[in-house]
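Q:
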Amino acid sequence: MTVAQSASSVSESETNAIEKIVDASNGNVEIDIPDDILNLLITPPAAPQKTVETRRQPNLKPGINRIRGYRVQVFADGRNQSTLESRVKMRANAISARFPKYRGQVYTFSNSPNWYCRVGNFQTEKEAAAALSELKRAFPAFAGEMRIVNSQIVVIL
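Residue numbers (numbering that gives the first Met the number 0): 0 to 156.
(1) Give the list of continuous beta strand (DSSP E) stretches no shorter than 3 residues that lie fully inside the segment 99-153.
(2) According to DSSP, what are the bridge partners of Ala91?
(3) What do you get for Asn110, buried or exposed, if any count of 16 or more other CB atoms within 10 angstroms of its CB means buried?
(4) Taking 8 Å as the CB-CB cut-off, is Lys88 touching chain B?
(5) Give the secondary structure of Ile63 by DSSP, where H, G and I count as helix, E and B as strand, and everything else as coil.
(6) Hey, would you say Ala142 sits closer than 8 Å to Cys116, going by beta carbons?
(7) Tell me the rounded alpha-carbon separation between Ala3 and Asp35.
(8) Quick one: what's Asp76 bridged to in DSSP?
(9) When DSSP labels each residue in this structure, what does Ile164 get in the three-state scheme?
(10) What residue from Ala130, Thr123, Glu133 and Arg136 has the CA that sits closest to Gln151's CA?
(11) So who's on the other strand from Arg97, going by DSSP bridges?
(12) Would you kindly check if the distance between the Cβ of Ala130 and the Cβ of Arg97 is under 8 Å?
(13) Whose C-beta lies closer than 8 Å to the C-beta of Leu156 among residues of the same chain, with five residues either side of it excluded?
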């Protein structure tokens with residue numbers, strides 16, 4: 000019986016506290032936002048600037064198109080031949096697992112004696128640079144090996 004009374008008294012005190020807050024605020028809520036954050040919320044975003052593409056875009060047709068573009072090379076090595084294939088596949092799997100958006104766009108291949116792992120199908124160097132930056136942040140251990148390369152890419156429409 001004592002337990003039930005203390006539980007009900009806690010509930011009544013919580014109700015009284017909420018009623019006190021409602022009565023004191025007259026239904027108005029004030030939120031204190033620092034000026035720098037308030038400016039970000041109130042200022043309208045700048046209109047996106049149109050960039051002029053220096054490369055001429057090829058005529059793309061419905062289906063699979065193979066065109067010149069860019070990829071991010073994340074692995075290129077020809078040393079220690081016995082472990083090359085497994086190392087390149089481990090790196091490719093790590094990228095696919097961390098970045099699902101690149102699944103189907105992680106390419107591993109060999110051009111004897113080297114093995115390569117390249118990511119993406121980027122039509123512009125700017126797109127490839129953004130991906131390179133993202134990959135370097137995600138995998139700092141091998142960021143020094145990463146670079147943008149010209150490559151034949153696949154564009155599906």
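Here a beta-carbon is modelled for each residue, glycine too, at the ideal position from N, C-alpha and C.
A: In this structure, then:
(1) 105-110 and 113-121
(2) DSSP, once it has assigned bridges, lists no residue as partnering Ala91.
(3) exposed
(4) Structure shown: chain B not included; a single protein chain is present.
(5) strand
(6) no
(7) The predicted position of Ala3 is uncertain, since its pLDDT is 49 and thus under 50; a value taken from the coordinates is nonetheless stated next. Cα to Cα, the separation comes out at about 50 Å.
(8) Trp114
(9) Beyond the ends of the chain as shown, which are 0 and 156, falls residue 164; an answer cannot be given.
(10) Thr123
(11) DSSP, once it has assigned bridges, lists no residue as partnering Arg97.
(12) no
(13) Leu59, Lys60, Pro61, Gly62 and Asn64
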